Amino acid sequence: MASPAFTHFIPRFGAAATLAGLISLTGCQSWLESRYADSVPPDSGVQPLKGLAQNVSVRRNAYGMPLIESSSFHDALFAQGYINASDRISQMVTLRLLAQGRLAELQGPQALDVDRFMRTVNLKKSADALYAAASPRLKRFFEVYARGVNAYLFRYRGKLPQDLAEAGYVPEYWKPEDSALIFALFNFGQSVNLQEEIASLVLAQKVGADKLAWLLPTYPDEPLPFDEADKLKGLNLSGQVPGLAELNKVTGTLATLSGLGLAASNNWAISPDHARNGRSLFANDSHLPIAIPSLWNYVQIRAPKYQAAGVSLAGIPGVLTGFNGKVAWGMTLTMGDNQDVFLEKIQRQGNQLQYLADGKWRPAAVRQETFIIKGQRPVREAVYETRHGPLLNSVANTGLGLALQTPDLKDDKSLDALFDLSRAQSVEAASDASREIRALAVNMIFADAQHIGWQVTGRFPNRREGRGLLPSPGWDGRYDWDGFADAMLHPYDQDPPQGWLGTANQRTVPHGYGMQLSNSWYYPERSERLAQLAGAGKQDTRSMIAMQYDQTTTFAPKLKAMFQAPGMAQPLKQAIDALPAADRAKAQEALARLLAFNGSLAPQSADAALYELFLQESSKQIFLDELGPEDSPSWKAFVAAGNLSYSAQADHLLAREDSPFWDDVRTPQKEDKPTILARSLAAAVTEGDKQLGSDHKAWQWGNLHRYTWAAKGTPLASRQAGGDHTTLNTSAYSWGENFDARLIPAMRVIVDFSLAEPMIGLNSTGQSGNPASPHYADSIDAWLKGQYVSFPMQPQNFDKTYGSKRLSLVPGK
């Protein structure tokens, strides 16, 4: 249960934040609990398991989060494998099939395109390299964990959860290499650049290379990347990139399935001098698509040489983000660009596929892949590779291929380094361990009682020319990689004078920094709000919670400043006055309210609803005439790009008065920015009247913007949401599509080193991925209300959190 100190802190989510929203889920779950009751392992009693050396105790808190106690670390890992499988076997199996490119074996032909993509990317190659480079110690850990998973699969082989049972799917036993494969999938998802490059090609087909730079992610203080767009000039892209629209669709699907390429997460640490009680503070929240179950699940492990509590990814042993009694650590996406797409000129010579490289035609390497498809006959297809990597699109004879280059992970020690990080006893030791994490490009923030630190991990290519923001001509060696940036150039900091460190996927290095960390960053507003709050006086647990639930955007004051700028205020007034009378009144009302808006995106706020309606309608008024219609590949690519990094939508609203996109090509006259803004203000009120009614004071942002948790496409719970993509309490929607909350803080962790028990945390759905479990979705209400759970490190406090009921795992014969 949540500590009494935290249960009373309930953010203003309104009356909708009650258990009433779970009525539909409750009825459905009661049936599932009775029908599939034997698929839920017990949480008490004795279970003999072959493979254990000694007894292991497993206790669970009120939300089913386990405490694993063992006198041997190997037995603790065995138990974690068993418990992970007990709670999340369906998720583990699905992620493994996804990473292997075998999802169609479970889900049928609708998964075949995703399988083709994943088989082409070939994560097995990366996973094999990571596992081969791991130490014998680490391999033993993975082997023991796998034995625990397999003990569950053997014991419950006839009692699997509903989705696996009804599909008639019998999971293969877990191999140690499978955990490396899940890590490779997680690692692959830490870059957004692949999706950006694919989306940019779709947009280039629509508007041409000359206008493309205006649509690319560019911070306001940076020049538009016309030099990058020049790489595409002279190429006939229209119809010359087979399968491009399908490829764009697949990468979008993968974001939902695995969190691939999501610009997500906040982490920060407060130094002792800026903490109310004189000890460091730490916070991390990881953003993922709203889903049941969440990707994350909590675990606490206590063994003689290992103690840690935090979030794990089912399928990977240990703790990825958490607290070990001495050090807290957590990660966010660094937005690092370590993936490049190369355009390849292709020709067919007899039975051989060839590609052009430095003036010569070379044979593409080929491998055959066989796809097993549920309900259909197997399909055998060829996958081709150039010197840059595998071809993502299917090129039958001629045209432009798209080759994906990613870092080689040979001799990469990331798996060992992550384990060493979880055992670090100081910020200095955590920083040393994290510098060896090269497969994963993230911002690591650490804290111990007296110190705080930040380290960028990963492996970032040196490009001979170009920035890698757009696909490069693969036939020209000028754009090839030339090794990787020295790890000593990776940004880092410890105990800065400002008294805090934090990241929110923003640009973390100055423009023109000495290595190519990235060329596209997420919106800066979350980091700006973090700076406002972290730098305002002394911090404590309560203020850290308030920061994680903060719903104020710094974009609103920027919008207000733009409206009131000397060169805009008068032309905008004139543009509004020129509107038809009905639209004029709407635009005047909208402008007056937006100029008075304080930026608080509370779900009950009428002004927040108008503000978001304006953002949505302005994107359509500015861009839809050239990028639409709304169901076209180009518009979908535009919206997807805006989800990934700082968008043309935001960039145009705050600046870019000379952009060609201000002109509405559907009219004979040439429009300018004030004209389009005036139309957008009126359109916001018109759309609000349609969706929320004519009483503008009664509008509520939460009636447009909702959290909806669904399983297999069926909505199970729906609540009002506040915030948006620019608030610390993230609830991002698709700017240019709809207001549905698609990205949320899937977990939250806070560590206050001044407390006897420093760590508290939250999950967004439930510990179990089994709909028959009472812990399938029982954390939603606590997540909405900010009712954090304590994770005690001192054994005398275990009973208070975990109770005395336990499952005893004992050696079996």
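With UniProt numbering, the residue at position 210 of the sequence shown is 210, and numbering never jumps. We put the CB at the ideal spot given by N, CA and C, even for glycine. Remember, it's a predicted structure, so these values are computed and weren't measured experimentally.
- Three or more beta-carbon pairs separated by less than 8 angstroms are not found between the stretch 647-660 and the stretch 768-779, which leaves the two stretches without contact.
- Counting other Cβ atoms within 10 Å of its Cβ, Leu595 stays below 16 and is therefore classed as exposed.
- Rounded to the nearest whole angstrom, the C-alpha separation of Leu613 and Ala684 is 5 angstroms.
- A buried status is given to Gln80, since no fewer than 16 other beta-carbon atoms sit within 10 Å of its beta-carbon.
- DSSP lists Leu281, Trp500 as the bridge partner or partners of Ile270.
- Excluding its 5 nearest sequence neighbours in each direction, Lys813 has C-beta neighbours in its own chain below 8 angstroms: Pro48, Lys50, listed in chain order.
- In this structure, the beta-carbon distance from Val639 to Gly736 falls below 8 angstroms.
- Judged by beta-carbon spacing, His696 lies beyond the 8 angstroms limit of Ala741, meaning their Cβ atoms are not closer than that value.
- Listed in chain order, the non-local C-beta contacts of Val250 below 7 angstroms within the same chain comprise Asp113, Val114, Phe117, local neighbours out to five positions each way being set aside.
- Around the beta carbon of Glu344, a 10 Å sphere encloses 16 or more other beta carbons of the protein chains shown; the residue is thus reported as buried.
- Pairing Trp268 with Tyr298, the inter-Cα distance amounts to about 20 angstroms.
- Per DSSP, Tyr492 is not a residue of any alpha helix (DSSP H); the beta strand (DSSP E) it occupies stretches across 492-494.
- Secondary structure of Gln352 (DSSP, three-state): strand.
- Annotated three-state conformation of Thr727 is coil, per DSSP.
- In this structure, Ala134 lies near Asp416, with their beta-carbon atoms less than 8 angstroms apart.
- Approximately 4 angstroms separates the beta-carbon atoms of Ala587 and Leu681; this is inside 8 angstroms, confirming the contact.
- The DSSP-derived three-state label of Phe597 is coil.
- The Cβ-Cβ distance between Asn338 and Ala424 does not fall below 8 angstroms.
- Taking every protein chain shown into account, the CB of Gly252 has 16 or more other CB atoms within 10 angstroms, so this residue is buried.
- DSSP, reduced to helix, strand and coil, places Phe419 within a helical segment of the structure shown.
- Where Lys360 is concerned, there is no enclosing alpha helix (DSSP H), although the beta strand (DSSP E) around it starts and stops at 360-363.
- Rounded to the nearest whole angstrom, the C-alpha separation of Leu288 and Gln574 is 43 angstroms.
- One Cα belongs to Ala536, the other to Ser527, and the distance between them is close to 14 angstroms.
- Counting every other CB atom within 10 Å of its CB across the protein chains shown gives Ile182 a total of 16 or more, marking it as buried.
- Within the DSSP bridge table, the entry for Asn61 names no partner.
- Excluding its 5 nearest sequence neighbours in each direction, Asp672 has C-beta neighbours in its own chain below 7 angstroms: Trp662, listed in chain order.
- Taking the C-beta atoms as reference points, Ser734 is found nearer than 8 angstroms to Asn643.
- When the beta-carbon positions are compared, Phe419 and Ser431 stay at least 8 angstroms from each other.
- For Met547, the closest C-alpha among the options Val56, Thr727, Gln240 is that of Thr727.
- Separation of the CB atoms of Gln700 and Ser779 is rounded to 25 angstroms, and the pair is thereby denied contact status at 8 angstroms.
- In this structure, Arg96 lies near Asp178, with their beta-carbon atoms less than 8 angstroms apart.
- If you compare the alpha carbons of Phe460, Asn324, Leu469, Gln516 with that of Phe753, the shortest gap goes to Asn324.
- Tyr152 places its beta carbon 8 angstroms or farther from that of Ile68.
- With at least 16 other beta carbons inside 10 angstroms of its own, Ala99 counts as buried.
- Taking the CA atoms as reference points, Lys231 sits about 42 angstroms from Ala721.
- A residue is called buried when at least 16 other Cβ atoms come within 10 angstroms of its Cβ; Asp550 meets this threshold and is buried.
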